[in-house]
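Here is the structure we will look at, set down as structure tokens.
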Amino acid sequence: MSYFADVRALLRKDLLLELRARDTLPAMLLFVVAVFVVFHFSLPDRSSDRAAGGLLWVAIVFTALLGLGRAFVPEREQRMFDGLVLAPSDRSAIWLAKSLATLAFLALAEAVALPVFALFFHGIDGTTVAAFALADVGICAVGTFVGAMAVVTRARDLLLPLLFLPLAIPILIGGVGASVVASPARYLAFLALYDVIFVLVCWASFEYVVTE
Amino acid sequence: MWRLSRGREPLQNCDNCAPVERSYRIPLPALAVASLVLVTTALALVFFVAPTDADQGFSQRIFYFHVSIAFTAYLCFGLGAWKALLHLWKRDPNADLESYVGIHQGVIFGSLVLLTGSIWARISWGHWWLWSENQLVLFLVLFLFYAAYFMLRFSVDAGPQRANLCAVYALFGVVLIPVSFLAIRLAQRFIHPIVFTRHGAAFGGWIMVTYLVSQAAMIVLAYTLYRVELSGKRLDARLRELRRAFA
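Residue numbers (the working numbering), protein chains in the order written: chain A, 1 to 212; chain B, 1001 to 1247.
Next comes the structure, spelled out in structure tokens:
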């Protein structure tokens, strides 16, 4: 059980940090609302609800990207990584805790963003919410992983979107598909499959990202 | 930054830190001659022997190159991932460079897939780009993914950490290929319901022979280029070591 105790301690650290500094979640919220306003003016009159539904997914992926870019900043600024890697725990716990923290931020951001979207554009059904729940897992798992890669490079913030977006294309396909078609079971299953595959791959290979 | 060893020997603890030269069974000149002969034979077969397609006419001949290049690109990505696995698993000191060169060849052949596919789409359907062509879209996604591989590689200083990051990313690639393929097929249902079906002549006789020869030509060509680039990169590393030794 000590593995989960490690994860809980790391997660608690991230949540506490956000609670005190408040520098990620407010930025994500402001960003997603600003993007909705931009979308309103970039969608011509009489464009379909389907187009707006697709843009919602783009907005959420970019908002997640904003949060993921901040994920490893405290560790980098305080030079905490050496300590974390030296700690007598499994290294994948670092990834798991960070993914759960970004998942919490993203879920909170969506808890505001989806009602705002419904207010500005059109209503959202249960299937779309389920698709977002499944997609969030994949976005946070993969995004945190490539975020840890990007933070050790010289390019840093520049590199994260480049590494993340090609990996996020299947998530977008599954999510948009689930939102627009009549029988979304296939797309939800695909999102779940993506989550399982990539969570396992990230969990198994995170050790190599932080060690030499 | 994170200079922590995994409790094993450092990768290069010798005095001469250039990667050890690996001995190959087939010498490079023989490979070069073989690829020249095979590519020439393939060209001759494609243009003079293979029958003209009843449906698409002369332009269908690009199929022999397009498909064999695509298959070769997958092989290169697979080779890159396999070498990445060898790096992480066996700590093979050569594997990092070999993985990089494999992926580099994969990206070159992948760009050729995009180019030939685009030409074929233009001639057959009148558009340079078709989102309904699964293979083309998949190669575009892979191209973006592996282009980011180079960004990653060139923004980390050479060393064990770069080798690890690149190896993990290369392994992500072979996971992404089937997942993206599935996703793009699913996307057809709501983005482009019309699917072009290719019902041409039966796949036999000279068509089969021409295809197999072109396929062999492309694989041998890719392997030759891989070996050429690898020996160049190794020479470069050794030269740098020598310079450092004399400085």
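Just so you know, even glycine gets a beta-carbon here, dropped at the ideal spot from N, CA and C.
Bear in mind that the values here come from a model prediction, so they are computed numbers and not experimental data.
- In the three-state DSSP reduction, Gly-1080/B falls in the helix class (H, G or I).
- Between the alpha carbons of Trp-1120/B and Phe-1047/B lies a gap of roughly 16 Å.
- With 16 or more other Cβ atoms inside 10 Å of its own Cβ, Lys-1083/B counts as buried.
- Residues of chain A with a Cβ closer than 9 Å to the Cβ of Tyr-1169/B are, in chain order, Val-146, Met-149 and Leu-163.
- Considering only beta carbons, no part of the segment 48-68 of chain A lies closer than 7 Å to chain B.
- Looking from the CA of Arg-1162/B, the closest CA among Val-209/A, Leu-15/A and Phe-36/A belongs to Val-209/A.
- A contact between stretches requires three or more CB pairs, one per stretch, nearer than 8 Å, and the segment 1110-1128 of chain B fails this requirement with the segment 1032-1047 of chain B.
- Around the beta carbon of Met-28/A, a 10 Å sphere encloses 16 or more other beta carbons of the protein chains shown; the residue is thus reported as buried.
- Ser-1155/B has a beta carbon lying within less than 7 Å of a beta carbon in chain A.
- Of the candidates Ser-1023/B, Tyr-1211/B and Ala-1167/B, the residue whose Cα lies closest to the Cα of Ile-1069/B is Tyr-1211/B.
- For Gly-1205/B, the three-state secondary structure derived from DSSP is coil.
- Taken through DSSP and simplified to helix, strand or coil, Asp-45/A comes out as coil.
- The contact set of Pro-170/A on chain B, defined by CB atoms closer than 7 Å, consists of Val-1179, Ser-1180 and Ala-1183 in chain order.
- Within a 10 Å sphere around the beta-carbon of Arg-1061/B sit 16 or more other beta-carbons, which makes this residue buried.
- Looking from the CA of Gly-123/A, the closest CA among Leu-193/A, Leu-56/A, Val-38/A and Arg-20/A belongs to Leu-56/A.
- If you draw a straight line from the Cα of Leu-108/A to the Cα of Leu-25/A, it comes to about 8 Å.
- Contacts with chain A at 7 Å (Cβ-Cβ) include Pro-1160/B.
- When Cβ-Cβ separations below 7 Å define contact, Ala-1148/B makes contact with chain A.
- Note on geometry: alpha-carbon atoms of Leu-165/A and Glu-110/A lie some 19 Å from one another.
- Distance check between Ile-1026/B and each of Thr-1224/B, Glu-1241/B and Asp-1236/B places Thr-1224/B closest, using alpha-carbon atoms only.
- Leu-159/A has a beta carbon lying within less than 7 Å of a beta carbon in chain B.
- Secondary structure of Gly-1159/B (DSSP, three-state): coil.
- By alpha-carbon distance to Ala-1095/B, the top candidate from Lys-1233/B, Trp-1206/B and Thr-1116/B is Lys-1233/B.
- At least 7 Å separates the CB of Leu-1043/B from every CB of chain A.
- Counting other Cβ atoms within 10 Å of its Cβ, Leu-200/A stays below 16 and is therefore classed as exposed.
- In the DSSP assignment, Leu-172/A falls within the unbroken alpha helix (DSSP H) covering 159-180.
- Residues of the segment 110-126 of chain A with a Cβ closer than 8 Å to any Cβ of chain B: none.
- Contact check for Gly-69/A against Leu-172/A fails: the beta carbons are separated by 7 Å or more.
- Taking the beta carbon of Phe-190/A as reference, the chain B residues within 8 Å of it are Leu-1182, Ala-1183 and Leu-1186, listed in sequence order.
- Within chain A, no residue has its beta carbon less than 9 Å from that of Val-1101/B; the closest one is some 20 Å off.
- Checking the DSSP bridge columns, you'll see Asp-1053/B partnered with Gly-1057/B.
- Annotated three-state conformation of Ile-1184/B is helix, per DSSP.
- The beta carbon of Phe-190/A sits closer than 7 Å to the beta carbons of Gly-174 from its chain, once the five residues preceding and following it are set aside; these are given in chain order.
- When secondary structure is reduced to three states using DSSP, Gly-1126/B falls in the coil class, being assigned neither helix nor strand.
- By alpha-carbon distance to Ser-205/A, the top candidate from Val-1039/B, Val-1168/B and Gly-1106/B is Val-1168/B.
- Taking a Cβ-Cβ cut-off of 7 Å, the neighbours of Ile-197/A in chain B comprise Val-1175 and Val-1179, given in sequence order.
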